[in-house]
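*Asks:* One point on numbering: in our numbering, the residue at position 88 of the sequence shown is 89, and numbering is uninterrupted.
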Amino acid sequence: DVLRAADEGLSDFHDAALNFLHRCGGEPKLAAAACPSALLRDLPMLPSALPPLRVLLIHGTADVDVPAEHSVDFAAACWRRCSVHPLWLQLVPAADHYVVAGIKLCDDDVGFNAHWPAVSSVLAAFLCEDDAALAHLCCASEEHAAACLAGSRPVAPLVTAANTLSAIASRDEAFILKCADTAGFARSMARGLRRWTAWTHHESSASVKGWLAEAEA
C-alpha cells in the first residue's frame with residue numbers, strides 16, 4: 002500500500018514512498034492512481050469468463066522496512082472482493098525485507114541462506130502453476146495469514162517516521178551515534194523527515210525542530 006507507506010514514513014529516511022509519488026505533487030487522486038491498494042478498491046468485478054489474473058505475494062514476517070501486515074491486508078482485500086482471481090500469500094517466518102527481494106548482503110548471509118529456499122520454491126510453483134504446491138506453501142485465507150503473523154513478529158522496531166521522531170525527542174544513544182559515525186546520515190534523515198512532515202502535515206515538537214535545523218546546517 003503505497004499511500005499507507007507514505008503516511009507511515011517507511012524506509013531508512015522515511016521518504017521512499019514519497020519518491021515514488023513525487024510526480025503526484027501531493028494531489029490525493031493522482032497519488033491513489035499509483036497505489037495498488039487504492040486501485041483495488043475501485044476495480045470493477047470482472048466477468049468470470051475472462052482468464053483469471055494469478056497473483057502471488059511474498060513477505061517476510063521479520064520485515065521492519067515494510068510490515069508484513071501490508072501484504073496481509075492487501076491479500077485480505079483481494080480474497081474478499083476478487084474471488085475470481087486466485088491469490089496466494091507466502092509469509093516467510095523470520096525473513097527480512099532483503100531476503101524476499103533476492104538480495105544477498107554477503108557470501109555468508111545466514112538469513113538469506115536459511116530463508117531463500119522457501120521463497121524460490123514458491124516462485125517455482127507459481128511459475129509452473131502448481132496450485133497443489135502453492136496451497137501447501139502459502140496462506141489462502143485472512144484467518145490463516147493472521148495466525149501466521151501472530152506466531153512470528155519482528156524483533157527489531159519498525160523503520161517508521163514515528164519511531165525516528167521518538168528517538169530524536171528522547172535523544173536515543175544509538176541514533177545519536179549513528180548520526181555521528183555515518184557520513185551524511187543526519188542530513189539525509191532530516192531531508193526525509195521534512196518531506197514526510199510536509200506530506201502528513203505533522204507538527205513536530207520543539208526538540209525535533211531543533212534537531213532538524215542542526216542537521217541541515
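A virtual CB, placed ideally from N, CA and C, is assigned to each residue, including glycine. These figures come from a predicted structure and were not determined experimentally.
1) In the DSSP assignment, the beta strand (DSSP E) including G61 goes from what residue to what residue?
2) By Cβ distance, which residues of its chain are closer than 7 Å to D66, with the 5 residues on each side in sequence left out?
3) Considering only heavy atoms of the ligand ZN, does any lie closer than 7 Å to the CB of M190?
4) Could you check how far apart the C-beta atoms of A170 and R188 are, in whole angstroms? I think they sit under 8 Å.
5) Taking the beta strand (DSSP E) that L88 belongs to, which residues open and close that run?
6) What residue from W212, G61 and F14 has the CA that sits closest to A102's CA?
7) State the start and end residues of the unbroken alpha helix (DSSP H) segment that holds K105.
8) Spatial neighbours of A77 within its chain, please: C-beta separation below 8 Å, excluding the five flanking residues on both sides.
9) Can you tell me whether C129 is helix, strand or coil according to DSSP?
*Replies:* Result, derived from the coordinates:
1) Position 60 of the sequence shown, counting from 1, holds the residue named residue 61. Counted as a single uninterrupted DSSP element, the beta strand (DSSP E) harbouring G61 occupies residues V56 to G61.
2) The sequence position of residue 66 within the sequence shown is 65, counting from 1. Correct list, in chain order: L11, S12, H98 and V160.
3) In the structure on display, the ligand ZN does not appear, and there are no ligands present to speak of.
4) Taking the first residue of the sequence shown as position 1, residue 170 is located at position 169. Taking the first residue of the sequence shown as position 1, residue 188 is located at position 187. Separation of the CB atoms of A170 and R188 is rounded to 19 Å, and the pair is thereby denied contact status at 8 Å.
5) Reading the sequence shown from its first residue, position 87 is the one you call residue 88. Residues L88 to V93.
6) Mapped onto the sequence shown, residue 102 falls at position 101. Nearest of W212, G61 and F14 to A102, Cα basis: G61.
7) As a working mapping, residue 105 is identified with position 104 in the sequence shown. Element bounds for K105: n/a, residue is neither H nor E.
8) Stepping through the sequence shown from its first residue, residue 77 is reached at position 76. Take A77, set aside five residues on each side of it, and the residues of its chain with a beta-carbon closer than 8 Å to its own are E143 and A146, in chain order.
9) Position 128 of the sequence shown, counted from the start, is the residue given in the question as residue 129. Under the three-state reduction of DSSP, C129 is assigned to coil, being neither helix nor strand.
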